[in-house]
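**Q** Could you have a look at this structure, given as structure tokens, before my questions?
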Amino acid sequence: MMAADVVALPCPEPPVPPSEARELTMVQLGFAVRLLYFLLAPFTILSAGDVVPMTGVWINIVVLVGGFIAVELLRGATGRHPLIARLLARQLRYAEYYRAHPPRPFVYYMFYLLLFPYWLINRRAREEFGLYRGFTIFGVVLLVVFGVVDYFLLWWPEIGVGKFVASMLATLVLQVGLLITLLMPLAVTIVGFQLAGRSRAVWTMLGAAALSVGLVYLGRSARVGELTPIEVAARARLRSEAAPDRAQAAQDAALRGVWDELRGGTATVDGDGWVGGDTLVRAHTALTGFYHPDEAAAFSVHVWPVDQPAFALLQCHQASHPPPWRVMAADGRIVGDQAAIPAELYNVQPTRNRRRIHSAVR
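For the working numbering, add 1 to where a residue sits in the sequence shown, where the first one is 1.
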């Protein structure tokens with residue numbers, strides 16, 4: 002065989018050493034865990050917003066992540082433009098700290114809040130938390146400011162300051178806890194990957210977070226009328242207790258409207274007796290003569306017997322208190338005895354979207 006006919010075979014690549022293979026697997030696993038966290042963190046914040054106000058937490062998260070995105074986009078300009086460096090000084094300080102002190106394992110930051118006693122006795126842990134002190138103080142100030150605004154917009158004048166403060170303190174503790182729990186893993190992950198030069202991984206995780214936000218908003222748009230934040234339900238109850246005569250007048254107006262539609266055969270009621278659709282919307286509108294719109298929307302209306310209604314129950318579900326309720330009979334008579342309400346209906350929480358009930362017209 003001629004020398005020209007000889008075909009050169011590719012040399013086999015040397016096998017990857019087991020230590021390097023294990024290291025690569027751990028890096029890939031770490032990225033997968035962080036990616037999952039970036040998918041779940043926005044879902045957690047938005048879902049918590051169904052229960053307690055989360056505006057202050059959102060602002061802190063957006064400011065933090067926005068700063069890191071700016072660092073990623075303007076990295077080359079910080080050395081040439083002192084103003085940009087000054088504006089991004091906090092984010093650049095994180096990079097300096099973690100360049101000198103590599104981040105701990107990700108699981109440490111996931112359970113950061115539970116390790117609070119450890120911060121008191123470990124110097125490095127105290128220094129690290131000090132980096133985020135500005136955000137936590139800023140967060141608390143925001144939460145207090147939003148709380149004061151909420152009081153004058155949503156609680157005052159019927160509900161006293163004392164009951165509002167008790168509610169706000171409980172909400173504040175929960176919000177600060179969520180802020181710390183979510184802030185640390187997000188910040189450390191972004192800074193760590195930026196320092197490692199893994200910009201594509203940072204953008205992938207931020208894209209996953211944006212996708213999560215979009216999916217949650219789509220899901221929530223289909224659930225209007227199902228979930229009532231605890232604070233809204235509490236306001237409806239406290240306002241009812243503070244001015245019972247005015248509350249009952251609004252409730253009676255809503256129930257009379259429901260009965261007018263029932264008698265006229267235009268009421269929308271599903272097979273389980275839930276009033277929904279435009280009938281419920283009009284009942285909520287009648288309630289806004291006394292309640293704030295979000296409080297009015299927390300009330301449900303149920304009629305029984307379903308085939309030929311004799312009673313209509315208006316109530317606002319409460320997690321740990323007796324609900325505000327009002328029962329009106331078909332003849333317009335108010336039934337004040339709670340025993341008249343079927344046990345399965347009292348303080349029941351609607352489990353479907355009441356505004357989208359499209360039953361056969363009665």
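The C-beta atom is built at its ideal place from N, Cα and C for all residues, glycine as well.
Spell out whether any CB of chain B is found under 8 Å from the CB atom of Y98.
**A** Absence of chain B from the displayed structure is noted, only one protein chain being present.
**Q** At 4 residues or longer, and completely inside the stretch 119-149: list those alpha helix (DSSP H) runs for me, N to C.
**A** 124-132
**Q** How should Q29 be labelled, buried or exposed, when 16 other C-beta atoms within 10 angstroms of its C-beta is the threshold for buried?
**A** exposed
**Q** Using alpha carbons as the reference points, say which of P325, V270 and R283 lies closest to V307.
**A** V270
**Q** Compare the beta carbon distance of A284 and G258 with 8 Å and say whether it is the shorter of the two.
**A** yes
**Q** Compare the Cα-Cα distances from L154 to each of P294, G67, A254 and V177 and report the closest residue.
**A** Proximity to L154 across P294, G67, A254 and V177 peaks at P294, based on C-alpha coordinates.
**Q** Would you list the residues sitting across from W275 in a DSSP beta bridge?
**A** Paired residues: H303.
**Q** Any idea if A275 is buried or exposed, counting beta-carbon neighbours within 10 angstroms, 16 or more meaning buried?
**A** Residue identity differs from the one stated: residue 275 is Trp in this sequence, not Ala. Buried: at least 16 other Cβ atoms inside 10 Å.
**Q** According to DSSP, I335 sits in a beta bridge with which residue or residues?
**A** Residue pairing of I335 in beta bridges, as defined by DSSP: M329.
**Q** Going by Cα to Cα distance, which pick from F291, A320 and A340 is closest to P1?
**A** As displayed, the chain neither begins before 2 nor continues past 363, which places residue 1 out of reach and without an answer.
**Q** Exposed or buried, which one is T267 when buried takes at least 16 other CB atoms within 10 Å?
**A** Of the other Cβ atoms in all chains shown, fewer than 16 fall within 10 Å of the Cβ of T267; this residue is therefore exposed.
**Q** Given 7 Å as the limit, tell me if L143 has its C-beta closer than that to any heavy atom belonging to the ligand MN.
**A** The model on display carries no ligand, and the ligand MN is accordingly not part of it.
**Q** By Cβ distance below 7 Å, which residues in the same chain neighbour P158 in space, the five residues on each side in sequence not counted?
**A** none
**Q** Classify P351 as helix, strand or coil using the three-state DSSP reduction.
**A** coil
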